[in-house]
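Protein chains in written order, with the working numbering: chain U, 460 to 575; chain E, 479 to 589. Ideal placement from N, C-alpha and C gives every residue a C-beta, glycine not left out. Quick caveat, the model's predicted, so the values are computed rather than measured.
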C-alpha cells in the first residue's frame with residue numbers, strides 16, 4: 460500500500476523554540492495532506508488541510524500563525540510549531556490522499572512532540 | 479459535537495472468538511466509512527472501508543457492516559488473534575471532504 464513517512468518520529472524541545480515536522484508521500488503524489496493532532500486517549504482531531512501549492516485551510520480554533528503548514532510539492536508537507544509551549548506537547552500525525560481518486564487517507568507513523 | 483462516536487472504549491475477546499466493534503455517526507450525508515487500526519506510538523493504518531451504496535464489505539477476517547437507517551457501522555473480526563490487539567478507530571465523511579474520527583476502541587485479544 461501507499462507509504463507516508465514523518466520525520467522526526469520524536470522530538471523534545473524547549474519552550475519558545477520552533478519545531479518543524481516533515482510529512483512525505485513515498486510512492487505516490489499527494490494532492491492533499493491533512494495534519495491531525497491526538498491527545499492521550501482521545502480521537503484524532505483535524506488541524507488543517509493543505510493542498511499542494513496553495514495555503515492551508517485551518518480548522519476552527521487552530522492558530523494558523525502558530526502552526527505553519529507548507530505543502531510545497533506533491534510529496535512533501537511540513538508543519539512548523541512556532542514558539543512551542545508545553546501545552547503543544549502531543550502526537551502529530553499527517554495523512555495524505557493521492558491523485559488516484561481513492562478516498563482512503565494514508566497515515567504517517569506520527570511525531571511525538573514534547574516541549575519542556 | 480462529535481459526529482462519529484465509538485461508545486465502547488475497550489473490548490476483551492478470547493482468541494478464536496469474534497470481535498465486534500461498533501461505531502455510530504450523526505450526519506446522514508456521510509457516504510464513505512473507514513476503519514483504522516493503531517498500535518501504541520504508531521500512526522493509524524487503514525484496515526477496511528465501505529461506501530454508502532453497500533451494506534457489507536469483507537476482507538479476509540475483517541468484515542464491515544453498514545446500517546444507513548440506524549447510522550451505524552460495525553467491524554467484525556473473526557477469528558480474533560492476539561496480534562489484533564490494538565486501538566480501532568472508525569471514520570466517516572462525505573466524498574471530497576474531511577473525515578471525522580471516533581475516539582477509538584481498544585481491543586484486547588486474550589490468548
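Check your understanding: Can you find a C-beta in chain U that's less than 9 Å from the C-beta of residue 559/E?
Key -> The residue given as residue 559/E occupies position 81 in the second chain. Not one chain U Cβ lies under 9 Å of residue 559/E.
Review point. Any idea what DSSP makes of residue 546/U, helix, strand or coil?
Key: The count along the first chain starts at 1 and reaches residue 546/U at position 87. It is helical.
Review point. Nearest to residue 553/U by alpha carbon, out of 543/U, 539/U, 542/U and 569/U?
Key: Here residue 553/U refers to the residue found at position 94 when the first chain is read from its first residue. The candidate whose alpha carbon is nearest that of residue 553/U is 569/U.
Point to revise | Beta carbon of residue 534/U nearer than 9 Å to that of residue 496/U | key: Counted from its first residue, the first chain places residue 534/U at position 75. Counted from its first residue, the first chain places residue 496/U at position 37. No. Outside cutoff.
Review point. Which ranges would you report for the beta strand (DSSP E) in the stretch 506-565 of chain E if only whole runs of at least 3 residues count?
Key: Within the stretch 506-565 of chain E, the complete beta strand (DSSP E) runs of at least 3 residues are 510-516, 523-529, 534-537, 540-545 and 550-555.
Exercise for review: Name, going along the chain, the residues of the stretch 502-535 of chain U whose beta-carbon falls closer than 7 Å to a beta-carbon of chain E.
Suggested key: Of all residues in the stretch 502-535 of chain U, 502, 503, 505 and 508 have a Cβ within less than 7 Å of some Cβ in chain E.
Point to revise | Residue range of the beta strand (DSSP E) that includes residue 588/E | key: Within the second chain, the letter at position 110 stands for residue 588/E. Run containing residue 588/E: 583-588, per the beta strand (DSSP E) assignment.
Review point. Which partner residues of residue 480/U appear in the DSSP bridge assignment?
Key: For the purposes of this step, residue 480/U is taken as residue 21 along the first chain, with counting starting at 1. Residue pairing by DSSP places residue 480/U opposite 538/U in a beta bridge.
Check your understanding: What residue does the beta strand (DSSP E) around residue 515/U start on, and which one ends it?
Key -> Taking the first chain and counting its residues from 1, one reaches residue 515/U at position 56. Where residue 515/U is concerned, there is no enclosing beta strand (DSSP E), given that its DSSP letter is neither H nor E.
Exercise for review: Locate the beta strand (DSSP E) running through residue 533/U, then write down its first and last residues.
Suggested key: Along the first chain, one-based indexing puts residue 533/U at 74. For residue 533/U, no beta strand (DSSP E) run applies, since DSSP gives it neither H nor E.
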